[in-house]
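Novice: Here's a structure for you.
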Amino acid sequence: GAGVSQSPRYKVAKRGQDVALRCDPISGHVSLFWYQQALGQGPEFLTYFQNEAQLDKSGLPSDRFFAERPEGSVSTLKIQRTQQEDSAVYLCASSLEQANDEQYFGPGTRLTVT
Amino acid sequence: AQKVTQAQTEISVVEKEDVTLDCVYETRDTTYYLFWYKQPPSGELVFLIRRNSFDEQNEISGRYSWNFQKSTSSFNFTITASQVVDSAVYFCALSEPYNAGNNRKLIWGLGTSLAVNP
Chain B
55 GAGVSQSPRY
65 KVAKRGQDVA
75 LRCDPISGHV
85 SLFWYQQALG
95 QGPEFLTYFQ
105 NEAQLDKSGL
115 PSDRFFAERP
125 EGSVSTLKIQ
135 RTQQEDSAVY
145 LCASSLEQAN
155 DEQYFGPGTR
165 LTVT
Chain L
2 AQKVTQAQTE
12 ISVVEKEDVT
22 LDCVYETRDT
32 TYYLFWYKQP
42 PSGELVFLIR
52 RNSFDEQNEI
62 SGRYSWNFQK
72 STSSFNFTIT
82 ASQVVDSAVY
92 FCALSEPYNA
102 GNNRKLIWGL
112 GTSLAVNP
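Going down the list, the sequences are from chains B and L.
Residue 55 is where the first sequence starts when you use the working numbering, and the numbers rise one by one after that.
Residue 2 is where the second sequence starts when you use the working numbering, and the numbers rise one by one after that.
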């Protein structure tokens with residue numbers, strides 16, 4: 055079956071531009087997570103949705119970062135006025151339902167801010 | 002605070018060697034979950050195993066095995082007879098249980114980069 059997909063796979067933005075990153079989770083998965091992974095680092099938690107409810111956004115680094123999942127399936131991570139330090143791979147993961155179910159990851163979006 | 006330490010940054014072995022990747026964790030909770038994920042050069046994280054803190058049985062899956070020891074807060078991962086396709090970055094992660102009022106986020110180690118050479 056289809057896994058988690060993300061688009062675009064690569065994004066180059068000039069500093070100050072806004073970007074939108076899309077995540078299509080596995081159909082039927084209730085939980086959706088966004089992570090940021092810098093080069094040579096482990097993923098860092100950004101935010102978590104259960105269906106359409108954003109239950110935790112404690113990892114969002116600034117108010118320039120915004121995520122939504124309006125219908126409880128597709129999610130969009132938006133970064134406004136991008137900065138060079140935003141350059142990273144943004145990973146999306148989904149899990150079935152239960153707490154601590156294994157998370158299935160998408161291929162990520164590599165964002166480069168020039 | 003919760004923390005995951007993977008002390009080995011990089012490991013290089015020759016094909017067919019056995020290799021163990023270390024993972025040490027810190028948590029104040031009595032109930033938690035531990036995970037291992039593989040990240041090949043393609044970048045997509047692949048789930049390998051989840052272990053409940055109440056289950057200390059070691060697990061074997063083909064050439065992979067995991068040794069969970071609560072006494073030393075370790076959850077080590079061994080690959081037997083390594084192959085070139087095992088080359089990847091391997092991450093250990095810790096999750097708190099939902100009932101603790103948290104939001105199921107994973108705390109990740111920095112990863113161990115494994116290179117298996119022919």
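We put the CB at the ideal spot given by N, CA and C, even for glycine.
Just so it is clear, the structure is predicted and the values come from calculations on it, not from any experiment.
1. I need the DSSP call for residue 114 (chain L), collapsed to helix, strand or coil.
2. Kindly list the residues whose CB is nearer than 6 Å to the CB of residue 61 (chain B), restricted to its own chain and excluding five residues on each side of it in sequence; keep chain order.
3. Residues of chain L with CB under 9 Å from residue 143 (chain B), in chain order?
4. Does any CB atom of chain B fall closer than 8 Å to the CB of residue 112 (chain L)?
5. Between residue 109 (chain L) and chain B, is the shortest Cβ-Cβ distance under 8 Å, so that the two count as touching?
6. On a Cα-Cα basis, can you pick out the residue from L:114, L:79, L:48 and L:31 that is closest to residue 61 (chain L)?
7. When Cβ atoms are compared, which residues of the segment 28 to 39 of chain L fall closer than 9 Å to chain B?
8. At a cut of 8 Å, does the segment 80 to 87 of chain L reach the segment 24 to 32 of chain L through at least three beta carbon pairs?
9. Are there 16 or more other CB atoms within 10 angstroms of the CB of residue 58 (chain L), so buried, or fewer, so exposed?
10. Using C-beta distances below 7 Å, list every residue in its chain close to residue 9 (chain L), excluding the 5 sequence neighbours before and after it, in chain order.
11. Taking residue 63 (chain B) and residue 164 (chain B) to be in contact with their CB atoms under 8 Å, please state how far apart those CB atoms are, rounded to whole angstroms.
12. Buried or exposed: which applies to residue 143 (chain B), given that a residue is buried once 16 or more other Cβ atoms fall within 10 Å of its Cβ?
13. Taking Cβ to Cβ, would you say residue 97 (chain L) is nearer than 8 Å to residue 161 (chain B)?
14. Can you pull the chain B neighbours of residue 69 (chain L), defined as C-beta to C-beta under 9 Å?
15. Beta strand (DSSP E) containing residue 110 (chain B): first to last residue?
16. Which chain B residues sit within Cβ distance under 9 Å of residue 48 (chain L)?
17. Does residue 9 (chain L) get closer than 8 Å to chain B when you measure Cβ to Cβ?
18. List, in chain order, every chain L residue whose beta-carbon is nearer than 9 Å to that of residue 162 (chain B).
19. Does the CB of residue 92 (chain L) have a neighbour CB from chain B at under 8 Å?
Specialist: A quick look at the data gives this:
1. Residue 114 (chain L) falls in the strand class under three-state DSSP.
2. 76.
3. Here the neighbours are 44.
4. Yes, because at least one Cβ of chain B sits closer than 8 Å to the Cβ of residue 112 (chain L).
5. Closer than 8 Å to some Cβ of chain B, the Cβ of residue 109 (chain L) qualifies, so yes.
6. Comparing Cα-Cα distances from residue 61 (chain L) to each of L:114, L:79, L:48 and L:31, the minimum goes to L:79.
7. Within the segment 28 to 39 of chain L, the residues whose Cβ lies closer than 9 Å to some Cβ of chain B are 33, 34, 36 and 38, listed in chain order.
8. With the rule of 3 Cβ pairs closer than 8 Å, the segment 80 to 87 of chain L does not count as touching the segment 24 to 32 of chain L.
9. When all chains shown are included, residue 58 (chain L) counts as exposed.
10. Excluding residues within five positions, the ones whose Cβ falls inside 7 Å are 22, 23 and 113.
11. The beta-carbon separation of residue 63 (chain B) and residue 164 (chain B), rounded to 7 Å, stays under the 8 Å limit for a contact.
12. Counting Cβ neighbours within 10 Å, residue 143 (chain B) comes out buried, since at least 16 surround it.
13. At a Cβ-Cβ threshold of 8 Å, residue 97 (chain L) and residue 161 (chain B) do not count as neighbours.
14. Simply none; closest approach about 15 Å.
15. 107 to 110 is the extent of the beta strand (DSSP E) around residue 110 (chain B).
16. Near residue 48 (chain L) (Cβ distances below 9 Å), the residues of chain B are 156, 157, 158 and 159.
17. Residue 9 (chain L) does not count as touching chain B.
18. Neighbours of residue 162 (chain B) on chain L, chain order: 44, 45 and 46.
19. The beta-carbon of residue 92 (chain L) is placed less than 8 Å from the nearest beta-carbon of chain B.
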